[in-house]
Every structure is written in structure tokens, then in C-alpha cells.
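I have placed the structure first, in the form of C-alpha cells, so that the comments after it can refer back to it.
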Amino acid sequence: MHQVKGVVARAKGQPVELVTINVPDPGPGEALVQVQACGVCHTDLHYREGGINDDFPFLLGHEAAGVVEAVGPDVTGVAPGDFVVLNWRAVCGDCRACNRGEPWYCFATHNATQRMTLAEGPDAGTELSPALGIGAFAEKTLVAAGQCTKVDPAARPAAVGLLGCGVMAGIGAAINTGAVTRGRSVAVIGCGGVGVAAIAGSALAGASPIIAVDIDAKKLAKAKEMGATHTVDSSSADPVAAIQELTGGFGADVVIEAVGRPETWKQAFYARDLAGTVVLVGVPTPDMLVPDLPLIDVFGRGGSLKSSWYGDCLPSRDFPMLVDLYQQGRLDLDAFVTEEIGIGDIEAAFEKMHHGDVLRSVVIL
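Quick note on numbering: full-length UniProt numbering labels position 34 of the sequence shown as 34, and the sequence is numbered without any gaps.
Here it is as C-alpha cells:
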């Protein structure tokens, strides 16, 4: 058993707390990871606000990189000393998605069997719910061994850890879900961390033009840095008309919606070309409904309406490849790291997130 510091959300809407937690030694199929860096993601804020479920208390944090400290007796895929990026898609290998050769849709992903617990106070021993089965706002965390993906140990932990969620979600939404290739036109609606990553992925794939849409000039500037060829300020311009104008009057081949709202999804629907693709990677809330659309438009425009889960990634395939591109200077993951912070600064990072001041704050442990 290990006692370490971790960041816990005890109740809906309450500030997070830095507390001592118990982390068990790894059992069968598990790995103990010493966390080096962990990004502050909107999903962590959703957990704190009760937007995921109400299994409080939560151990927050999931966009992480670190070093394997110990593994369970039957683990062969990783070993102590391996530098890993943590993921929340530890594929089972035997569900209906895995068996049909689509493990990126695995319906039975693994998490650690043992639970981490609170170590002190009147609620000592209370089991923690780790965010996305990871819980990496902690000096050490316990995960399923399949949640550890080995990557180049020379890579910067603060940068490559972001592949664990938001950056992978955006890049994968473009390359994996949207099947963006050279010469395709792409529009991305919403230029937060995931949207900008979708732009970076589209640029990596050779798309052109790449049109960034947002209401925030700072976000549009960052989108331009990451590969957007054109920007549209949708606070003052109709994004559908602007995207059509920039694509010869047709609309984009692929439109990626990275906001998760009915209004922007409807914009994406009408901003694509005939037989084009809409990719929803922004996460809606349970109360949001698909907007009214004439069914003849759904039929008549053809193409695909897709959702992107975690960028439809396969961590064992995608993480090492993207880290290699980063190490070659072809994918600027450092650009996503707005600031490095301490483990006690997460509430302040949530506030900056509300104001759109950062792509990512990254906790350094």
C-alpha cells in the first residue's frame, strides 16, 4: 500500500481538495504508475460538477504520462521503468467490437480491479472513483496494465500526456473518424483544445483548406498557428455561409463539431458539401436534443453523420506514432501546453478554463 497526495472532488460543485489517498500494490492485470504530468481537462470539471455521474468522491485527472513503478504478477505488456501515456481504452480483445476487428470501439475496456481510497479523516477508507478509470491528479495511481501505452522515453511528459484525452480526441476525430486525407476541405467549429487538435490533425493529413470557426479571437489565432488556412468569427459572420464561400460555394468535405451543442451541430450539418461528413466530437449534456431538421435534407444531402469516441483511437497504434511525429518536429504538442502548474493549483486552472485563457494547464508532479 502506498500513501500519496491526490486531488479529490467530494461533492457536486464543491472545490476540489488535495488529500492523502491509499494506492494498493498492483494485483493481477494491474500497474502502479508514478505520475509525472497530467493535463487539466474539461472532463475533470464535468466530474466535479456531477455531469458524468454521481459516484462521489472522485479522484480527478486522466491526461497523464509517467513511469511504471510496479506491475501485477501476470502482466507482460509493460514493465517497471517503462515510460507510458495513460489511456482510458484498455481493449479487452474479446468483445463483439474486438472480434470484428474494430478494437477502437471496444465495449468492455478494462480498469484496475482494486480501488484507491481516502487515507485520513472521518471518511478514511472510502473508495474513490477514478476519472475515466485513471485518477492521475496524484503522485501515483493504479490502473489496468492495458491502460499504459509505452512511448519514447525521451519525450516531454507534459506534452505527450495530453494524448491521453483531448489532443487524441481532436486528432483522431479528423484522421480516424472523419477520414481526412490530402486535398480534402475541412471546417472545425469550436477551437478549444479538442478543436485545435482536430485542426492540427487535418494539417498533418494534408487537408486544404482548413477553416477554423469560433467566437473568440484568441482561439482563432491559436487555430491559425496550428494549421488553419482560414478563420471565421461566428459572432459576427454566418459560419455556414462563410464555409461555403471558402469552398467554392459547396461546403467542406468534412465538418468537425467540437462544441457539443445542437446549434453548432446544425451549422456543421449545413456547412458540409453534398455527400460530406459531419463528425461530432464535442460532448453534449444529456438534456440536449438533435435540432429540427427536415428529413428530406438528411436524405438529400447524403454523406455521413458520425460521432467520434476518443478520436476512435487505438492507443497501442496511435500514441507511439504521434509521439514519434512530435519527436520529429512534425506535430507541435508543446503548443497545447499553455502553462505548467502544481498539484494544488487545479481550482485556479478550472477558472482559467471557464474564461478560455488556456488550451491546457498541465500539473507537474
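A virtual CB, placed ideally from N, CA and C, is assigned to each residue, including glycine.
Asked	Found
Beta-carbon spacing of Thr-277, Gly-178 below 7 Å	yes
Assigned secondary structure, Leu-220 (DSSP; H/G/I helix, E/B strand, else coil)	helix
Identity of the residue in Gln-267, Tyr-310 and Gly-302 nearest Asp-292 by Cα	Gln-267
CB contact check: Gly-302 to chain D, cutoff 7 Å	No chain D is present in this structure, which holds just one protein chain.
Length at least 4, wholly inside the region 222 to 287: the alpha helix (DSSP H) runs in chain order	239 to 246 and 262 to 271
Top-ranked residue by Cα proximity to Ala-79, from Glu-69, Glu-49, Val-283 and Glu-245	Glu-69
Where the alpha helix (DSSP H) through Val-71 begins and ends	Not the alpha helix (DSSP H): Val-71 falls in the beta strand (DSSP E), residues 63 to 71.
Environment of Pro-103 [buried if 16+ CB atoms lie within 10 Å]	buried
Closest Cα partner of Phe-200 within the set Gln-3, Ala-169 and Arg-89	The question names Phe, but residue 200 is Ala in the sequence shown. When each option's Cα is compared against that of Ala-200, the closest is Ala-169.
Delimiting residues of the alpha helix (DSSP H) encompassing Ser-202	193 to 204
At least three beta-carbon pairs within less than 8 Å, the region 269 to 284 to the region 131 to 142	no
Terminal residues of the beta strand (DSSP E) in which Leu-86 lies	83 to 86
Euclidean distance between Cα positions of Ala-174 and Val-186	9 Å
Nearest-angstrom beta carbon gap, Ile-134 and Gln-147 [assumed within contact, 8 Å]	7 Å
Close Cβ partners of Leu-305 (< 6 Å) along its chain, the five nearest in sequence each way excluded	Val-278
Alpha helix (DSSP H) segment containing Ser-316, residue limits	315 to 327
Three-state secondary structure assigned by DSSP to Lys-150	strand
Selected residue, minimal CA-CA separation from Gly-121, among Arg-10, Leu-289 and Gly-311	Arg-10
Own chain residues within Cβ distance below 7 Å of Ala-275, not counting five before or after	Gly-302 and Gly-303
Reference Phe-58; option with closest CA among Pro-130, Val-232 and Tyr-326	Pro-130
Own chain, CB closer than 7 Å to Val-160, minus 5 neighbours either side, in chain order	Ala-65, Val-85, Val-151, Val-323, Tyr-326 and Leu-333
Element boundaries [alpha helix (DSSP H), containing Leu-42]	A quick correction: the sequence has His, not Leu, at residue 42. That run of the alpha helix (DSSP H) goes 42 to 48.
Nearest neighbour of Ser-361, chosen from Glu-127, Thr-338 and Ser-316 [CA to CA]	Thr-338
CB of Ala-136 within 7 Å of CB of Gly-29, strictly	no
Through-space distance from Ser-308 to Ala-335, alpha-carbon basis	23 Å
Three-state class that DSSP yields for Lys-140 in the structure shown	strand
Beta-carbon proximity of Asp-253 to Arg-182, cut-off 7 Å	no
Contact under 7 Å by Cβ, Ser-202 with Ile-215	no
Backbone CA spacing between Gly-193 and Val-358 [nearest angstrom]	8 Å
Buried versus exposed call for Thr-76 [16 or more other C-beta atoms within 10 Å across all chains shown]	exposed
Sheet register partners of Val-7 (DSSP bridge)	Leu-18
Where His-354 falls: helix, strand or coil (DSSP)	helix
Cross-strand partners of Thr-117 (DSSP beta bridge)	Asn-22 and Glu-127
Cβ neighbour criterion (16 or more within 10 Å) applied to Thr-231	buried
For Glu-340, three-class secondary structure by DSSP	strand
Residue span of the alpha helix (DSSP H) that contains Asp-214, given as start and end	Segment 210 to 214 is the beta strand (DSSP E) holding Asp-214; no alpha helix (DSSP H) there.
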